[in-house]
Amino acid sequence: MFDHGPAVTTTPSILEEIVRPLAVCPTGIDKITITPVAFRDPALLNAVGVHQPFAIRSVIEVVTSDGLTGLGESYGDLAHLEQLRLVADAIVGLDVFSNNQMFVRAGAALRGVVGRDGHGLTGAISAAGTLLRAYSAFEVACLDVQGQLLARPVVDLLGGAVRTAVPFSAYLFYKWAAHPGEKPDAYGAALDPDSIVEQARWMVSQYGFTAIKLKGGVLTPRQEVDTIFALRDAFPAVPLRLDPNAAWTVATSIKVGQELAGVLEYLEDPTSGLSAMADVARQVAMPLATNMCVVGFEDVPTAIEQRSVGVILSDHHYWGGLRRVQELAAICDTFDLGLSMHSNSHLGISLAAMTHVAAAVPNLTYALDTHWPWKDQDVIADGSLTFKDGSVTVPTSPGLGVELDRDALDELHRQYLACGITTRSDTVYMRQFDPSFDARPARW
Ligand code: GKR
Ligand code: MG
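Using the working numbering, the letters of the sequence shown map in sequence onto residues 1239 to 1682.
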């Protein structure tokens, strides 16, 4: 665990003068703790390989002078942890309400730093994207404190809820029965249409999901199309999505898109890059969605100009926090783009944050992605977030509405130290078992 405090940065600037008086106020940030954690993750397959036995994340605790703690959650990769530490050092002493000042300080602390997405499924990361990724978790933690101080849920700080429950989708994966050398997990193998339908039935029966997404880019496009038809037959009224993470050429994407017309509500990242996506979009009936080619505000103008996508998958973890997701929502609204939400393997703090922002955004009308059903460990106390009919009820208690389970945090931190995983790399892990595994985009 890394404690930051009670130090204040020494940045000599006009901003410093503005904030100095706030540094002594009771709502000033006294200390920030960043704890890397690891939780068990099944052998889920994707275009770049297979999930490692543990998913890594970071838990951010922002503690104020008067002893309130706000929670944030972010990625756990080593380089990202270093960026989080730089930001933490830069914002200790600021008032928890001064998010804009924090952003300025975070920008100064990260000047010249360009991050990297270890697994490669959320596009290239720019310097601007690096800042947004590192800042986001602190914004969420500060909103959590602000909500506690005002005795209002975070959604109220975002302008209030437009829905009381937020729908999520069942996120299906082709998968191995177990990590090599381990006993089969509770979900079993899923490598053909029948086992994916079985996986969907299990997930829908457990959580009540009313939309289904299949992670593709694993088997041949033919096999994946057949799986979608099997899901359509099993769940005729449920909206379906397929996401091969840019594993297809333009020609393959058009062929698949045309075959699945009327079957998919959207086709996600069939191919790589804004121009290639635009080529596909012109030839298929359904909207294309993305969390790979529009991953920052700088991508939006070209995407709109070229009509590359119909739906942007937001994600507060890399779009810069909950308020910037609201800004993205306004852009989508203006340009008549759909808005959905992307997910990576995550814990309950992230689920709470996703739920609050989705509740506040009128045009976030698609069921959100979540990896939630794939994990059996967490850092939050049981019971604060529950799925009913595929939706999570928006918490109404102050702040995020989730409570940190300190024993669980310690256990998951010990697990992080023991597992030895410090960077997510699905490809490196896959190549331990299949040295010739090809993770290049557009394999088919
Ligand atoms: O967890 O394997 C996975 C997903 O493929 C994830 O890493 C992607 O970023 O879910 C994401 C997506 O929609 O592309
Ligand atoms: Mg995706």
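Cβ atoms here follow ideal geometry from the backbone N, Cα and C, with glycine treated the same way.
Let me know if residue 1703 comes out buried or exposed under the rule of 16 or more other beta-carbons within 10 Å of its beta-carbon.
Because residue 1703 is not part of the residues shown, which for the chain are 1239 to 1682, the question remains open.
I'd like to check one pair, residue 1364 with residue 1534: are the Cβ atoms closer than 8 Å?
Indexing the sequence shown from 1 puts residue 1534 at position 296. Indexing the sequence shown from 1 puts residue 1364 at position 126. Less than 8 Å separates the beta-carbon of residue 1534 from that of residue 1364.
Just how far apart, CA to CA, sit residue 1302 and residue 1540?
Counting from one through the sequence shown, the residue named residue 1302 turns up at place 64. Counting from one through the sequence shown, the residue named residue 1540 turns up at place 302. Roughly 42 Å separates the two Cα atoms.
Any heavy atom of the ligand GKR closer than 7 Å to the beta-carbon of residue 1462?
What you label residue 1462 is simply residue 224 of the sequence shown in a count that begins at 1. Checking every heavy atom of the ligand GKR against the Cβ of residue 1462, none is found closer than 7 Å.
What I want to know is whether the C-beta of residue 1507 ends up closer than 7 Å to one or more non-hydrogen atoms of the ligand MG.
Position 269 of the sequence shown, counted from the start, is the residue given in the question as residue 1507. For the ligand MG, at least one heavy atom lies less than 7 Å from the Cβ of residue 1507.
Return yes when the C-beta of residue 1602 is under 7 Å from any heavy atom of the ligand PLP, and no when it is not.
As for the ligand PLP, it is missing from this structure, which binds only the ligand GKR and the ligand MG.
Mapping the DSSP letters down to three states, classify residue 1378 as helix, strand or coil.
Along the sequence shown, one-based indexing puts residue 1378 at 140. Reduced to three states, the DSSP call for residue 1378 is helix.
Under three-state DSSP, which class holds residue 1493?
If you number the sequence shown from 1, residue 1493 lands on position 255. In the structure shown, residue 1493 adopts helical secondary structure according to DSSP, grouped into three states.
Pop quiz: residue 1544 and residue 1396 are said to be a contact at Cβ under 8 Å. What is the actual Cβ separation, rounded to whole angstroms?
As a working note, residue 1544 is residue 306 in the sequence shown. As a working note, residue 1396 is residue 158 in the sequence shown. Rounded, the Cβ-Cβ distance is 31 Å, inconsistent with contact.
Please confirm whether any heavy atom of the ligand MG lies closer than 7 Å to the CB of residue 1580.
Here residue 1580 refers to the residue found at position 342 when the sequence shown is read from its first residue. Yes, the beta carbon of residue 1580 sits closer than 7 Å to at least one heavy atom of the ligand MG.
Output the distance between the C-alpha atoms of residue 1553 and residue 1604, rounded to the nearest integer angstrom.
In the sequence shown, counting from the first residue as 1, residue 1553 sits at position 315. In the sequence shown, counting from the first residue as 1, residue 1604 sits at position 366. Looking at the two C-alpha atoms, the distance is approximately 13 Å.
How many whole angstroms separate the CB atoms of residue 1641 and residue 1618, which I take to be in contact at a CB cut-off of 8 Å?
Within the sequence shown, residue 1641 is the residue found at index 403, counting from 1. Within the sequence shown, residue 1618 is the residue found at index 380, counting from 1. Confirmed, about 6 Å.
Using the Cβ count rule (16 or more neighbours within 10 Å means buried), how would you classify residue 1338?
Stepping through the sequence shown from its first residue, residue 1338 is reached at position 100. Around the CB of residue 1338, fewer than 16 other CB atoms lie within 10 Å, so the residue is classed as exposed.
Considering only the alpha carbon of each residue, which of 1569, 1300, 1579 lies closest to residue 1530?
Translated into the one-based positions of the sequence shown, residue 1530 becomes position 292. It is 1579.
Fully enclosed by the segment 1519 to 1553, which alpha helix (DSSP H) runs are 4 residues long or longer?
The qualifying runs are 1538 to 1544.
On a Cα-Cα basis, can you pick out the residue from 1575, 1444, 1536, 1546 that is closest to residue 1557?
By 1-based counting over the sequence shown, the position of residue 1557 is 319. Here the closest residue by C-alpha is 1536.
I'd like to check one pair, residue 1296 with residue 1311: are the Cβ atoms closer than 8 Å?
To locate residue 1311, count along the sequence shown from 1; it is residue 73. To locate residue 1296, count along the sequence shown from 1; it is residue 58. Closer than 8 Å, so yes.
Under a Cβ-count criterion, where at least 16 other Cβ atoms within 10 Å of its own Cβ denotes burial, should residue 1316 be classed as buried or exposed?
Against the sequence shown, residue 1316 aligns to sequence position 78. It is exposed - the Cβ of residue 1316 has fewer than 16 other Cβ atoms within 10 Å.
Would you report the Cα separation of residue 1625 and residue 1633, rounded to the nearest angstrom?
For the purposes of this step, residue 1625 is taken as residue 387 along the sequence shown, with counting starting at 1. For the purposes of this step, residue 1633 is taken as residue 395 along the sequence shown, with counting starting at 1. Cα to Cα, residue 1625 sits roughly 12 Å from residue 1633.
Just to confirm my understanding: we take residue 1457, look at its own chain, exclude 5 residues before and 5 after, and list those with CB closer than 7 Å. What are they?
Within the sequence shown, residue 1457 is the residue found at index 219, counting from 1. The residues are 1412.
Please return the same chain residues whose Cβ sits closer than 7 Å to the Cβ of residue 1573, not counting the five positions on each side in sequence.
Taking the sequence shown and counting its residues from 1, the one referred to as residue 1573 is at position 335. Only 1542 meet the Cβ criterion.
Nearest-angstrom Cα distance between residue 1261 and residue 1615?
As a position in the sequence shown, residue 1261 is number 23, starting the count at 1. As a position in the sequence shown, residue 1615 is number 377, starting the count at 1. At residue 1261 the pLDDT is 47, less than 50, meaning the model places this residue with poor confidence and gives no usable figure here.
Quick check on DSSP: helix, strand or coil for residue 1333?
Counting from 1 along the sequence shown, the entry for residue 1333 is found at position 95. In this structure, residue 1333 counts as strand in the three-state DSSP scheme.
Quick one, are the C-beta atoms of residue 1522 and residue 1469 less than 8 Å apart?
Stepping through the sequence shown from its first residue, residue 1522 is reached at position 284. Stepping through the sequence shown from its first residue, residue 1469 is reached at position 231. Cβ atoms of residue 1522 and residue 1469: not closer than 8 Å.
Check residue 1601 in the structure and name its three-state DSSP category.
On the sequence shown, position 363 is the one that residue 1601 refers to. Look at residue 1601 here: in three-state DSSP terms it is coil, with no helix or strand label.
Give a single yes or no on whether residue 1553 has its beta carbon closer than 7 Å to a heavy atom of the ligand MG.
Counting from 1 along the sequence shown, the entry for residue 1553 is found at position 315. No.
With DSSP collapsed to three states, give me the class of residue 1271.
As a position in the sequence shown, residue 1271 is number 33, starting the count at 1. Strand.
For residue 1671, does the three-state DSSP call read helix, strand or coil?
In the sequence shown, the residue the question calls residue 1671 occupies position 433. Helix.
Ignoring anything shorter than 4 residues or poking outside the segment 1630 to 1671, list the alpha helix (DSSP H) runs there in chain order.
1644 to 1657, 1664 to 1671
At what residues does the beta strand (DSSP E) containing residue 1459 begin and finish?
Counted from its first residue, the sequence shown places residue 1459 at position 221. Counting along the chain, residue 1459 falls outside any beta strand (DSSP E), though it belongs to the alpha helix (DSSP H) covering 1459 to 1472.
If I measure Cβ to Cβ from residue 1347 and keep anything under 6 Å in the same chain, skipping five residues before and after, which residues do I get?
Position 109 of the sequence shown holds residue 1347. Closer than 6 Å at the Cβ level, and outside the excluded window around residue 1347, lie 1324, 1325, 1328.
Which ranges does the beta strand (DSSP E) cover as unbroken runs of at least 3 residues, wholly within the segment 1405 to 1446, from first to last along the chain?
1408 to 1411
Who are the near neighbours of residue 1451 in its chain, counting only those whose CB is closer than 8 Å to its CB and skipping five residues on each side?
Looking up residue 1451 in the sequence shown gives position 213. So the list reads 1407, 1408, 1409, 1410, 1478, 1479, 1480, 1481, 1506, 1607, once near-sequence residues are dropped.
By the 10 Å Cβ neighbour count, where 16 or more other Cβ atoms means buried, how is residue 1655 classified, buried or exposed?
The residue you call residue 1655 lines up with position 417 of the sequence shown. So residue 1655 counts as exposed.
By DSSP, does residue 1327 sit in helix, in strand, or in coil?
Taking the sequence shown and counting its residues from 1, the one referred to as residue 1327 is at position 89. If DSSP states are grouped into helix, strand and coil, residue 1327 belongs with the helices.
I'd like the list of long-range same chain contacts for residue 1423, defined as Cβ closer than 6 Å, with 5 residues on each side in sequence excluded.
Against the sequence shown, residue 1423 aligns to sequence position 185. By the criterion of a C-beta distance shorter than 6 Å, residue 1423 is surrounded in its chain by 1280, 1416, once the five residues flanking it on both sides are discounted.
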